[in-house]
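Quick note on this note's numbering: the sequence shown kicks off at 376 and runs consecutively. Think of the CB as a built atom: it goes at the ideal place given N, C-alpha and C, for glycine as much as any other residue. From a predicted model like this one, the values you see are computed outputs, not experimental measurements. Below is one structure, written out as structure tokens, with a few remarks after it.
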Amino acid sequence: MHLSRTARVVLGCITAAGLTLVHLPLLLVVLNSVNADRSFAWPPTALTGAWWHRALHSAGARDALWTSVRAGLGATVIALVLGSLAAFAVHRHRFFGRRTVSFLIVLPIALPGIVTGIALNAAFRTVLEPLGIGFGLFTVVVGHATFCVVIVFNNVAARLRRIAPSQAEASADLGARPWQTLRYVTFPALRPAFFAGALLAFALSFDEVVVTTFTAGAGTRTLPLWIYENLARPHQAPVVDVVATLLIALSVLPVYAAQRLSADPAGGRL
Numbered sequence: 376m377h378l379s380r381t382a383r384v385v386l387g388c389i390t391a392a393g394l395t396l397v398h399l400p401l402l403l404v405v406l407n408s409v410n411a412d413r414s415f416a417w418p419p420t421a422l423t424g425a426w427w428h429r430a431l432h433s434a435g436a437r438d439a440l441w442t443s444v445r446a447g448l449g450a451t452v453i454a455l456v457l458g459s460l461a462a463f464a465v466h467r468h469r470f471f472g473r474r475t476v477s478f479l480i481v482l483p484i485a486l487p488g489i490v491t492g493i494a495l496n497a498a499f500r501t502v503l504e505p506l507g508i509g510f511g512l513f514t515v516v517v518g519h520a521t522f523c524v525v526i527v528f529n530n531v532a533a534r535l536r537r538i539a540p541s542q543a544e545a546s547a548d549l550g551a552r553p554w555q556t557l558r559y560v561t562f563p564a565l566r567p568a569f570f571a572g573a574l575l576a577f578a579l580s581f582d583e584v585v586v587t588t589f590t591a592g593a594g595t596r597t598l599p600l601w602i603y604e605n606l607a608r609p610h611q612a613p614v615v616d617v618v619a620t621l622l623i624a625l626s627v628l629p630v631y632a633a634q635r636l637s638a639d640p641a642g643g644r645l
């Protein structure tokens, strides 16, 4: 579609304004992490690395980071297994209720986080507590997996739609067994979708707050919860900005990698 010079300028200005609105607050967080003024005076009177030193030596922040990493990895593994199997079942087989199953799998990502958190909290109290399983890392992993499954499911399903069934048929005609076809034909084609789904699922789990609040219990603190609890403490505000800056970096890397992995060689996306 051909656009006039005026239209291109207007669209460029709107795009620049939107990107500035989204990313300028992130830049302020990064600047405040090295701002020597504890009250975040603007412009900064001096720069310092003292807050970074305090954050890196904070036992609470390190423990919360390790908890977030374990929760993210656990949720990602569950999402990879369940999301991939569900994508294969829905998009490679025809059965009664297939559309309903697909809808129910995708539904958790559309529900408000607080609704999901309340529902999981009630379910865990009803089912797990009588069995002696309290709130902790396990319930956080299960809670995160409920919406991380959707990410993997969508990525794998999108890739499956792009794989021609004739490839598997040709493999079978050449004498390959089903497992050989899966290993040498289907899995290589799905590998980028697996990696992209896993990276996005981990990133989504890593910074989840609402569902974690309802499923973590008193003794489990992920990094986002640690940030939320320390944000109101005046002496911890600069340290929180440092941790938030690290979170920005950790979030950008998997999202960028997932975008590259999900790229279509023809120029499109999955």
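Just to confirm the assignment, what range does the alpha helix (DSSP H) spanning residue i have?
i	result
residue 426	425-431
residue 486	No alpha helix (DSSP H) holds residue 486; DSSP gives it neither H nor E.
residue 538	Taken as a continuous stretch (DSSP letters only), residue 538 belongs to no alpha helix (DSSP H), as it is neither H nor E.
residue 450	434-467
Within its chain, find whatever has a CB closer than 7 angstroms to the CB of residue i; leave out the 5 residues flanking it on each side and keep chain order.
i	result
residue 500	none
residue 620	404, 405, 408
residue 421	411
residue 442	512, 595, 596, 597
residue 379	none
residue 483	491, 521, 522, 525
residue 352	What is shown of the chain runs 376 to 645, which leaves residue 352 out entirely.
Which partner residues of residue i appear in the DSSP bridge assignment?
i	result
residue 422	410
Using a Cβ-Cβ cut-off of 6 angstroms (strictly less than) and excluding sequence neighbours within five positions of residue i, which residues of its own chain qualify?
i	result
residue 518	495, 586, 590
residue 606	615
residue 461	480, 528
residue 632	574
residue 457	524
residue 530	568, 571, 572
residue 451	573, 576, 577
residue 429	614
residue 419	410
residue 592	510, 511
Might you give, ordered along the chain, the residues of its own chain that have their beta carbon closer than 8 angstroms to the beta carbon of residue i, omitting 5 neighbours on each side?
i	result
residue 643	With a pLDDT of 48 at residue 643, under the threshold of 50, the predicted position of this residue should be treated as unreliable, and no value is reported.
residue 604	596
Say whether chain C places a C-beta atom closer than 7 angstroms to the C-beta of residue i.
i	result
residue 485	The displayed structure is made up of one protein chain only, and chain C is not part of it.
#### Entry: Segments of 3+ residues assigned as beta strand (DSSP E) that fall wholly inside the segment 572-626
none
### Query
Do the segment 575-595 and the segment 486-499 touch if we need at least three Cβ pairs shorter than 8 angstroms?
yes
### Stretch-stretch touch, CB-based, cutoff 8 angstroms, three pairs: the segment 513-530 with the segment 569-583
yes
### Task
Count the CB pairs spanning the segment 428-440 and the segment 594-612 that are closer than 8 angstroms, and state whether there are at least three.
yes
### Task
Mind the definition here: the segment 560-571 touches the segment 467-480 only if three or more C-beta pairs lie below 8 angstroms; say whether that holds.
no
### Message
In chain order, what are the residue ranges of uninterrupted alpha helix (DSSP H) at least 4 long that sit wholly in the segment 472-531?
### Response
473-485, 488-502
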